[in-house]
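Here is the structure we will look at.
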Amino acid sequence: MTDAPRTTVLDLVADPGLPTELAHRLVRDLPAALGEHDDARWEVRLADEPIVLDERGALPALDIGDRVREQDGADAVVLLTDLPRRSGADPVVADGGTGHRVGLVSLPALGAINQYRRCRDTVVRLVTGHLVPPDRAGAEEGGAPDAGRAGPLTRIDSGTRAGTDGDHGDQDRDQERDRDRDDRADGDAARRGPADDSDAGSGGVEDDIDVRLALTGLRGRVRLLAGMVRANRPWRLVPSLSPAIAAAAAGAAFGIFYSNIWQLATALGTARQVTVMLIALVGMTAWLILDNRLWESRRHRSLREEMLLSNLSTVITVACGVLTMFALLFVLALVAAVLVIPPDYLSSTLMRESGPDDWIMIAWLSTSMGTVAGALGSGFADDGAVRQAAYSRREQERRARLDRADDGDRGRDTPA
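Numbering (full-length UniProt numbering), first residue to last: 1 to 416.
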């Protein structure tokens with residue numbers, strides 16, 4: 001009679017918000033998904049451990065994972081964060097240290113759609129392929145033979161599923177090519193001298209990270225950007241702009257009740273209406289970013305690409321929030337126009353037969369006017385509430401820490 005296999009325990013540590021929501025679902029689904037890759041029994045738990053950034057806004061994943069393993073006796077630990085990580089210019093989906101049996105999955109690199117499926121598949125790939133491969137599941141703990149400095153960068157095509165490798169032969173060949181490339185890169189780095197921290201991105205560099213799964217090419221960066229916007233949850237911005245919405249509603253109401261606006265709206269034509277709308281949307285987006293100090297600037301050159309991605313995600317987040325406000329205001333303006341403006345009176349004002357398109361054009365121009373007024377009204381919104389709505393909690397913490405670091409650098413550079 002054979003003994004039953006020992007249960008292999010995986011602990012998940014998650015950031016507040018979306019990562020925690022996904023972690024609760026993973027606790028239910030991962031045991032079956034992991035069990036498909038080997039004969040071990042799996043237990044997945046959600047550890048009650050905060051993910052704390054260091055003073056430079058980097059995430060010390062291995063230190064946190066080691067602490068969780070020591071406290072809970074887990075075989076492996078995977079952290080879930082909404083903080084983006086990079087290796088050079090490549091977005092990192094997941095990385096970890098096999099000697100520590102600790103890994104991390106960065107949700108923004110998973111993109112904006114199918115995020116849960118991609119997260120589940122990535123955790124399965126990271127755990128079964130690197131942290132606790134089938135020949136080590138349930139075995140005594142031991143260091144991985146190749147644990148050491150930051151190791152090969154396994155590249156993932158952003159158009160494929162993060163959790164599927166194809167056949168293992170293809171994976172082995174890819175890893176062999178990665179090792180050859182990294183050997184050459186190590187030689188080049190040795191000739192160049194010590195590297196700076198530009199590879200850290202927002203994730204930081206830890207010496208014992210020896211596996212890194214990264215996206216490549218433009219599509220990978222676009223997916224990272226979409227994931228960063230998703231993490232910011234732009235739909236939360238609208239409730240934080242109540243003064244702007246009130247001013248926009250007042251401006252739109254003026255257009256609906258003022259007959260000269262009716263004539264102008266129906267005479268403009270579609271092209272001019274689109275131009276006016278775009279000017280209003282761009283103006284309000286720029287005003288919100290500048291007035292609430294959402295634009296990020298850093299003194300350190302190593303953070304410039306990260307800063308560019310962060311600012312792009314801010315622009316898209318705020319633009320999506322403004323566009324959502326515009327759409328809601330347009331619907332309200334259209335309903336108000338239909339209810340307030342009698343067809344006969346509109347026809348007499350326009351001196352022609354009126355039609356449904358006239359109410360649409362009036363509501364459209366009124367909404368554009370209201371959006372301009374809303375930009376001015378947004379100055380009365382609480383900038384703290386706007387920043388809280390525009391960024392995820394982890395992004396707010398990262399920016400605050402980098403701001404303090406920049407202030408410290410300015411203080412050191414200032415002559416006594």
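Glycine residues also receive a C-beta, built at the ideal position from the N, C-alpha and C atoms.
Length of the line joining the Cα atoms of residue i and residue j
i: ASP15; j: THR81; result: 5 Å
i: PHE330; j: VAL132; result: 54 Å
i: ALA313; j: ALA286; result: In the sequence under discussion, the amino acid at residue 313 is Ser, which differs from the Ala named in the question. If I take the Cα positions, the gap works out to 14 Å.
i: ARG236; j: GLY321; result: 8 Å
i: VAL335; j: GLY255; result: 13 Å
i: GLY374; j: SER242; result: 9 Å
i: GLY103; j: VAL77; result: 6 Å
i: ALA40; j: ARG230; result: 35 Å
i: SER297; j: GLY355; result: 51 Å
i: LEU10; j: ILE289; result: 42 Å
i: ALA333; j: VAL211; result: 55 Å
i: LEU308; j: ASN292; result: 18 Å
i: VAL282; j: LEU268; result: 20 Å
i: residue 476; j: ALA246; result: Beyond the ends of the chain as shown, which are 1 and 416, falls residue 476; an answer cannot be given.
i: PRO60; j: ALA89; result: 20 Å
i: VAL318; j: TRP42; result: 42 Å
i: ASN260; j: TRP295; result: 39 Å
i: THR349; j: ALA250; result: 23 Å
i: LEU62; j: ASP72; result: 15 Å
i: VAL315; j: ARG69; result: 40 Å
i: GLU21; j: ASP29; result: 13 Å
i: GLU49; j: VAL340; result: 57 Å
i: ARG6; j: LEU34; result: 14 Å
i: PRO239; j: ARG221; result: 30 Å
i: GLY187; j: ASP95; result: Low local confidence applies: a pLDDT of 39 at GLY187 is under 50, so the model's placement there is unreliable, with the coordinate-based value given in what follows. Cα to Cα, GLY187 sits roughly 23 Å from ASP95.
i: VAL52; j: PHE326; result: 38 Å
Range covered by the beta strand (DSSP E) that runs through residue i
i: GLY96; result: 90-97
i: ARG41; result: 41-46
i: LEU12; result: 7-14
i: THR81; result: 76-81
i: ALA214; result: 211-215
i: GLY103; result: 102-106
DSSP state of residue i mapped onto helix, strand, coil
i: LEU365; result: helix
i: ARG67; result: helix
i: ALA373; result: helix
i: ARG233; result: coil
i: LEU62; result: helix
i: ARG86; result: strand
i: LEU26; result: helix
i: SER354; result: coil
i: ASN260; result: helix
i: GLY17; result: coil
i: ALA267; result: helix
i: ILE360; result: helix
i: GLY255; result: helix
i: GLY220; result: helix
i: VAL132; result: coil
i: residue 420; result: Lying before the first or after the last residue shown, residue 420 is absent from the chain, which here runs from 1 to 416.
i: GLY321; result: helix
i: ILE316; result: helix
i: SER297; result: coil
i: ASP54; result: coil
The ligand SAH heavy atom lying under 7 Å from the CB of residue i
i: ARG6; result: Because no ligand of any kind appears in the structure shown, any question about the ligand SAH cannot be addressed here.
Extent of the continuous alpha helix (DSSP H) to which residue i belongs
i: VAL274; result: 270-291
i: ASP38; result: Looking at the DSSP string, ASP38 is not in any alpha helix (DSSP H), and its letter there is neither H nor E.
i: THR122; result: 115-126
Subject >> Three-pair Cβ contact test at 8 Å for the stretch 259-277 versus the stretch 358-376 >> reply: yes
Original post:
Between the stretch 109-129 and the stretch 217-230, are three or more C-beta pairs nearer than 8 Å?
Top reply: With three or more CB-CB distances shorter than 8 Å, the stretch 109-129 counts as touching the stretch 217-230.
Original post:
Contact between the stretch 118-129 and the stretch 17-30: three or more CB pairs below 8 Å?
Top reply: yes
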